[in-house]
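Residue numbers (our numbering): 388 to 547. Ideal Cβ positions, reconstructed from N, Cα and C, are used throughout, including at glycine. These numbers were taken from a predicted model, which means no experiment stands behind them.
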């Protein structure tokens, strides 16, 4: 990921988490993300997009324990509330949707039109977690002492 695009991704992720989930994300080096973060299970949320100006994908990988916390903050309930536990994956999907929309506006402009896939989140294995963290284009964040790893790919049509 080019430096300018990485800066945009970092700004958008931090801004959306702060404004929507009332959580603060701090960018960190991906090589500082501990493999032990996968010990309690991990979740990967993905979505794709395409349009006349480009196509690509967004992926967010988090420890499973972060999903109920996201849901609790968005819903205004305690993290151990059954609703937060049930809505964790849906909340991650909604975060994906919001972040993707903001990213596309920033990289392609407000007039660009895209077809977005439905976000999909699923449990992943420890080796899949490692692969996501080691992705050269991945950006890592510390969110309430838990890692969050984002990979964004945008292939502009007609780009040189």
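Taking a C-beta distance under 8 Å as the contact criterion, residue 506 and residue 432 qualify as a contact pair.
Pairing residue 544 with residue 442, the inter-Cα distance amounts to about 8 Å. When only Cα atoms are considered, residue 518 and residue 444 end up about 16 Å apart.
Cβ-Cβ separation between residue 486 and residue 400: approximately 6 Å, consistent with a contact (criterion under 8 Å). Nearest to residue 462 by C-alpha distance, out of 451, 452 and 477, is 477. A Cβ-Cβ separation of about 5 Å places residue 535 in contact with residue 449 under the 8 Å criterion. Between the C-alpha atoms of residue 447 and residue 537 there is a straight-line separation of about 5 Å. Around the Cβ of residue 521, a 10 Å sphere holds fewer than 16 other Cβ atoms; the residue is exposed. Going by DSSP, residue 472 is part of the alpha helix (DSSP H) stretching over 469-495. Annotated as distal: residue 504 and residue 409, with beta-carbon spacing of 8 Å or more.
Straight through space, the alpha carbons of residue 469 and residue 483 are spaced by roughly 22 Å. For residue 437, the enclosing beta strand (DSSP E) covers residues 429-438. The shortest CA-to-CA distance from residue 429 to any of 403, 523, 514 and 404 is the one to 514.
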